[in-house]
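Novice:
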Amino acid sequence: MSDDTGVTKEPAATVPQADSVKGFLHDKAKLAAYAVHMLTACGGVLGLFAIMAASSGFTSRALWFLVAAVLIDAVDGTLARRFSVSVHAPAVDGALLDNLVDFVTFVVAPAVLLFYTRLVPAPLAPCLAGLIVFCSAFQFSFHGAKTADHFFTGFPSYWNLAVLYLLLLEWHPWINAAILLSLCALVFAPIKFIYPSRMEFFSRSMLLKRLVLVATAGFGVLTVLLLWYYPARHPHLMNVALLYMGLYVSLSVVRTVLDRPL
């Protein structure tokens, strides 16, 4: 074909592009790697849905969205290492993507839920929600937030679990406020909190590591059960869940003090 100057133009080269797309679709390693990234990004969508539900008064629905986001966060790191995403999907910064999504699901969405559910005295609600976001912004940006030996430095912004359990426990608003303020302070504490899916340096004992992993999985199941029955209360299940939290904090403190594998 030619333009109005009479010069013949070659048709656009579409075949190489088509071949490139076909090559990508047939590269199973790349497909798997990008699928893991998409799974991580879905966590951010769930966080947005939780915010929408909380602002509309659907507290239980918001909590379910947050639990679903936690389930994604629990597996996407393992999947990322399994499918070598940094090798097969290098165009995406997986660590940055994970942090962005986590900030929405672990920090912003729970802070919004805290505000709308009035877990704390009404005058304190906006201040505490803002303080949670403020402290967590530093926690996420600390150079040593995750140590080289796979621990979290300071309270690892588990605000989704904190808000969820305070809702389930139905304690007095001033007690809730005191707990949340304490957790904000712990963000800056030099305590090495256990990273349940990365326990290479937590203990030399394979048995102890497996016990902690099984206990963590059990805690996840308990959380789902407690939310399933919500707003009905089940003290025995709650006591077991609180026992796990106490053990998690205690083991983290002991590991920090000893500064060596247990």
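Going by my numbering, the first residue of the sequence shown is number 7, and it counts up by one from there. Idealized CB from N, CA, C, for every residue including glycine.
1. Along the alpha helix (DSSP H) that carries I197, what are the first and last residues, could you check?
2. Quick one: what does DSSP say T153 is sitting in, helix, strand or coil?
3. Buried or exposed: where does V93 fall if 16 or more other Cβ atoms within 10 Å of its Cβ makes it buried?
4. Going by C-alpha distance, which of P267, P202, V81 and L231 is nearest K152?
5. Looking at the strands, I want to know which residues DSSP matches up with T159.
6. A18 by DSSP, collapsed to three states: which one?
7. Taking only three categories from DSSP, how would you classify F146?
8. Excluding sequence positions up to five away, which residues of its chain have a Cβ less than 8 Å from the Cβ of P196?
9. Hey, out of A101, V220, G50 and L174, whose CA is closest to F71's CA?
10. With 16 other CB atoms within 10 Å as the buried threshold, where does I78 fall?
11. Using a 10 Å radius around the Cβ and a threshold of 16 neighbouring Cβ atoms, would you call K198 buried or exposed?
12. Do we get a CB-CB distance below 8 Å when we pair G53 with the residues of chain B?
13. Where does W180 sit, in a helix, a strand or coil, going by DSSP?
14. Restricting to Cα atoms, I'd like to know which of L167, F207, W180 and S209 is closest to L119.
15. In whole angstroms, what is the alpha-carbon distance linking V91 and A59?
16. At which residues does the alpha helix (DSSP H) containing R216 begin and terminate?
Specialist: A quick look at the data gives this:
1. Following the DSSP letters along the chain, one finds I197 in no alpha helix (DSSP H), marked with neither H nor E.
2. Three-state result, T153: coil.
3. So V93 ends up on the exposed side.
4. Among P267, P202, V81 and L231, the Cα nearest to that of K152 is on P202.
5. Answer is K198, bridged to T159.
6. Note that A18 scores 49 on pLDDT, short of 50, meaning its location in the model is unreliable; the coordinates nonetheless yield the value given after this. Three-state DSSP puts A18 in coil, outside helix and strand.
7. F146 falls in the helix class under three-state DSSP.
8. Cβ within range, chain order: T159, G160 and T262.
9. Out of A101, V220, G50 and L174, the CA that lies nearest to the CA of F71 is found in G50.
10. Under this definition I78 is a buried residue.
11. With a 10 Å radius around the Cβ and a threshold of 16 neighbouring Cβ atoms, K198 comes out buried.
12. In the structure shown, chain B does not exist; there is a single protein chain.
13. Three-state result, W180: helix.
14. Distance check between L119 and each of L167, F207, W180 and S209 places L167 closest, using alpha-carbon atoms only.
15. Going by the C-alpha atoms only, they are around 32 Å apart.
16. That run of the alpha helix (DSSP H) goes M212 to Y235.
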